[in-house]
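Using the working numbering, read the sequence shown as starting at 1 and increasing by one per residue.
To keep things clear, I will list the structure first and then write my remarks on it.
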Amino acid sequence: MQKIRAAKRYAKALLDYAIEKQQVDIVFQEMTNLLKVMDENIEFQRLLLSPIVKSNVKRNVLVHIFPDKSDLVRQLIEVLVRNKRLSLTKNIAKAYIELYNEYKQKRIVQVTTAEPISDLLKDQFLQKIKQLTGNSNFELRNKIDQNIIGGFILRVGDIQYNASISYKLLAIKRNFEENLFIQK
């Protein structure tokens with residue numbers, strides 16, 4: 001819990017500094033790329049989390065992997081090295097992305113499906129959400145979960161609409177268990 005709080009503080013400071021330097025979008029792209037690399041490469045995550053590997057080695061690896069980073073991100077890496085907080089890198093990237101979306105007033109729409117959805121279907125989801133809410137600043141993310149069998153689960157903020165087949169089958173099962181179909 002403390003690590004998440006610390007990561008949010010670093011991310012907030014980075015966002016404030018990026019706003020001041022007018023590099024919010026550049027830093028967002030770099031944090032997104034950093035998070036993507038960390039999600040795809042578990043060995044890289046282990047390196048940053050390892051207490052055995054010295055901070056200078058971790059810094060050198062980060063600099064070599066991401067040579068084109070902006071000065072803001074390089075300065076962040078230097079601060080993290082100095083404070084021995086490189087293990088927070090992934091959480092800082094996640095927190096920065098969340099803060100960026102709040103700053104840009106962008107809402108995340110998550111659609112969970114059993115199979116990846118096409119670009120046409122993504123556009124249809126976004127158009128319907130824009131029509132219902134009147135807000136046009138949404139980012140759609142598709143999460144794949146084969147356990148839902150078919151249909152979709154739509155989540156916007158705290159609101160969720162479950163139109164999955166697994167949910168409907170569960171509802172039918174509950175009805176049978178409650179014997180709603182037997183006349184009393």
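Glycine included, C-beta positions come from ideal geometry on N, C-alpha and C.
Beta-carbon gap between residue i and residue j smaller than 9 Å
i      : j      : result
Ile117 : Asn142 : yes
Thr112 : Ile149 : no
Glu103 : Ile19  : Looking at the sequence itself, residue 103 is Tyr, so the reference to Glu does not match. Contact: yes.
Leu15  : Ala93  : no
Val109 : Ile65  : no
Val53  : Leu62  : no
One or two residues paired with residue i in a DSSP bridge
i      : result
Gly151 : Ser164
Arg107 : Phe138
Thr112 : Lys143 and Ile153
Under the three-state DSSP convention, the category residue i falls into
i      : result
Arg85  : coil
Phe138 : strand
Val61  : helix
Lys143 : strand
Val156 : strand
Phe176 : helix
Gln23  : coil
Val79  : helix
Asn33  : helix
Inter-residue Cα distance where the pair is residue i and residue j
i      : j      : result
Ser164 : Ser136 : 25 Å
Leu169 : Gly151 : 12 Å
Phe125 : Asn101 : 19 Å
Glu177 : Asn162 : 21 Å
Gln131 : Leu121 : 15 Å
Glu115 : Glu98  : 26 Å
Phe228 : Phe44  : Outside the shown range of the chain (1 to 184) lies residue 228, about which nothing can therefore be said.
Ile172 : Val156 : 26 Å
Arg107 : Phe28  : 15 Å
Pro51  : Leu140 : 37 Å
Leu76  : Tyr10  : 8 Å
Lys12  : Met31  : 13 Å
Asn212 : Arg174 : Past the boundaries of the shown model lies residue 212; the chain is included only from 1 to 184, so the question cannot be answered.
Pro67  : Ser166 : 46 Å
Asp119 : Gln2   : 39 Å
> Do three or more CB pairs link the stretch 51-68 to the stretch 76-92 at distances below 8 Å?
Replying inline: Output reads yes: the stretch 76-92 touches the stretch 51-68.
> Three or more C-beta pairs closer than 8 Å, one from the stretch 69-76 and one from the stretch 12-28: is that the case here?
Replying inline: Contact between the stretch 69-76 and the stretch 12-28 is present, because at least three Cβ pairs lie under 8 Å.
>> Is it the case that the stretch 2-19 contacts the stretch 84-94, given that we only count it when at least three CB pairs across the two stretches are under 8 Å?
In response: Judged by Cβ distances under 8 Å, the stretch 84-94 makes contact with the stretch 2-19, as three or more pairs qualify.
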